[in-house]
Each structure stands twice: as structure tokens, then as C-alpha cells.
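Report on the following structure.
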Amino acid sequence: AQSVTQLDSQVPVFEEAPVELRCNYSSSVSVYLFWYVQYPNQGLQLLLKYLSGSTLVESINGFEAEFNKSQTSFHLRKPSVHISDTAEYFCAVSAGFGNEKLTFGTGTRLTIIP
Amino acid sequence: DTEVTQTPKHLVMGMTNKKSLKCEQHMGHRAMYWYKQKAKKPPELMFVYSYEKLSINESVPSRFSPECPNSSLLNLHLHALQPEDSALYLCASSQGLAGGLEQYFGPGTRLTVT
Chain A
36 AQSVTQLDSQ VPVFEEAPVE LRCNYSSSVS VYLFWYVQYP NQGLQLLLKY
86 LSGSTLVESI NGFEAEFNKS QTSFHLRKPS VHISDTAEYF CAVSAGFGNE
136 KLTFGTGTRL TIIP
Chain B
-15 DTEVTQTPKH LVMGMTNKKS LKCEQHMGHR AMYWYKQKAK KPPELMFVYS
35 YEKLSINESV PSRFSPECPN SSLLNLHLHA LQPEDSALYL CASSQGLAGG
85 LEQYFGPGTR LTVT
């Protein structure tokens, strides 16, 4: 079984400042890793994912995440945040084979301060 | 079209009522999901359908009854619910059940049980 830990439940950041949202996972098998974003009163949207290959993955809106196998981490970063980035961010993992479910972390609430 | 639609957006029901939630996608996806999300919590998987057959039931109480009439539609029938069942109910779909496939989420139905 897999598990995901998001240690920071809330992260306040000033507008245009950098941010890092931390995600650590636990699994005895290879995994796929995801970051989903949930804007207020909406469903979840995929932000980015790591399946294989380059350990640095990027989204179209300036976020990036780096898969670190030795540290079992998949931290999300953005060099300069905007008010529109205010949302709940969920890290998720699924096993690298078979009909596996998504296991979500508890989420990090990112609040951008003007 | 990468949209998953859900109706109704909001639903208030008494504990003796029977109601249904509806989910629809036209992306040709063969896997569909129901999740329950309480406030400030991650989504919890309830049911998974693959090729219109129930694949996973996460030990959900029988007062929740899923139905997949065709590959584009997913229903969740509700009967004799409890106040603690009040939550955001999210539907999602994916191309299949293989790990690594993106799940597309609908905006959810916010259910209040009185």
C-alpha cells in the first residue's frame, strides 16, 4: 500500500514570492506521482504528474515538481506566486502497475497575501 | 471536450428522502469514480466502475447505491442518509484503471442532509 504525507496544512505566501509545498510518499513498489489543485467551490484539476523519465516536471502555469527517489519526495514549487494561485493543493500517488487507486495526501491550503 | 458534468450542484435532503446524483462525461473514458469529500479533507474513494461494471466498492454503506447505465453516465442513488453524509460528492473519469492515468474531476454536488 502507498501513503502520502503533506506536512504543511496551510502555507501563507506574499504575492510574487516563491513557494514550496512539500510532499513525501511511502511505497514498497514503484509509483506514479501527481499534484492536483482544487480552487474554491470546484473539483480537482491535475496540475502535473511524474510517470517516468526526467525527474523535473512542469505545468503550464509556472509550477514545477521534482521527483526525488532517495528522499521519497515530490515537492511542488513556483518561483513567483499570484493571487490566482490561492487554492488547496493535493499530492497523490498510485502504484506503478495494475488497477491502482489514487491515494491523496491531506492537502495544503496555499493563501497568497497581496 | 475534457469536461465532467455533475447535477445537481447543490442538494438538500431529509433523512427519509430518496435522491440521485448524476455524472456525465463524453471523453470516451471507460473508468468512472465516485468520491466523497468532507470540508478541509482530501477526497475519499467510494466506488469505481470499469467498462460499466463495478470494480471497487470501498465498503460504502448500502444507503449509497451506484449505477452505471452506459459508458458516459454514472449515477449515485441516495436513500435514508444521515447528517454525517453531508459532503461534496465528486465524480471523476479516466481512460482506464491503469496507474498513471489522469483522472478528470467534475465540479461536485454539495449535499446537505437535514
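If you read the protein sequences in the order shown, they are chains A and B. If you want the numbering used here, it's the position in the first sequence, counting the first as 1, plus 35. With the numbering used here, the residue at position 16 of the second sequence is 0, and numbering never jumps. The beta carbon of each residue, even a glycine, is placed where N, CA and C say it ideally should be.
**OP:** Specify whether the region 67 to 74 of chain A and the region 121 to 131 of chain A touch according to this definition: at least 3 beta carbon pairs, one from each stretch, less than 8 Å apart.
**Re:** yes
Subject >> Where Thr143(A) meets chain B, residues with beta-carbon distance less than 7 Å >> reply: Ordered by position in chain B, no residue passes the 7 Å Cβ test against Thr143(A), which lies about 11 Å from the chain.
Subject >> Contact set between the region 66 to 85 of chain B and chain A, restricted to residues whose Cβ is under 9 Å from the partner >> reply: Leu72, Leu74, Cys75, Ala76, Gly80, Leu81, Ala82, Gly83, Gly84 and Leu85
Original post:
How is the beta strand (DSSP E) around Ser39(B) delimited, first residue to last?
Top reply: Lys37 to Asn41
Original post:
Taking Cβ-Cβ distances below 8 Å as the criterion, which residues of the region 95 to 106 of chain A are in contact with chain B?
Top reply: none
Original post:
Does the beta carbon of Leu29(B) sit closer than 8 Å to a beta carbon anywhere in chain A?
Top reply: yes
Original post:
If you check the beta carbons only, do Ser40(A) and Asn59(A) fall under 8 Å apart?
Top reply: According to the sequence as given, residue 40(A) is Thr; it is not Ser. In this structure, Asn59(A) lies closer than 8 Å to Thr40(A) by Cβ.
Original post:
Pro47(A): buried (16+ other C-beta within 10 angstroms of its C-beta) or exposed?
Top reply: Its Cβ having fewer than 16 others within 10 Å, Pro47(A) is exposed.
Original post:
Around the C-beta of Ala76(B), are 16 or more other C-beta atoms found within 10 angstroms, so that it is buried, or is it exposed?
Top reply: Flag for Ala76(B) reads buried.
Original post:
Taking just the CA atoms, how far does Gly84(B) sit from Ser49(B)?
Top reply: The straight-line gap from Cα to Cα measures roughly 28 Å.
Subject >> Inter-residue spacing [alpha-carbon to alpha-carbon] between Glu42(B) and Ser119(A) >> reply: 35 Å
Original post:
Expressed to the nearest angstrom, what Euclidean distance is found between the alpha-carbon atoms of Pro27(B) and Gln45(A)?
Top reply: 18 Å
Original post:
What is the residue span of the beta strand (DSSP E) that Phe102(A) lies within?
Top reply: Here the beta strand (DSSP E) through Phe102(A) covers Glu99 to Asn103.
**OP:** If I'm right that Val116(A) touches Val54(A) with Cβ under 8 Å, what's the distance once you round it to whole angstroms?
**Re:** Val116(A) to Val54(A), Cβ: 5 Å. Contact.
**OP:** Within its chain, find whatever has a CB closer than 6 Å to the CB of Leu72(B); leave out the 5 residues flanking it on each side and keep chain order.
**Re:** Gln21, Gly92 and Arg94
Original post:
What do you get for Lys84(A), buried or exposed, if any count of 16 or more other CB atoms within 10 angstroms of its CB means buried?
Top reply: buried
**OP:** Taking only runs that begin and end inside the region 1 to 59 of chain B, name each unbroken beta strand (DSSP E) of 3 or more residues, in chain order.
**Re:** 2 to 9, 15 to 21, 28 to 34, 37 to 41 and 48 to 54
Original post:
How far does the beta strand (DSSP E) with Lys136(A) in it reach, from first residue to last?
Top reply: Per DSSP, Lys136(A) lies in no beta strand (DSSP E) and is assigned neither H nor E.
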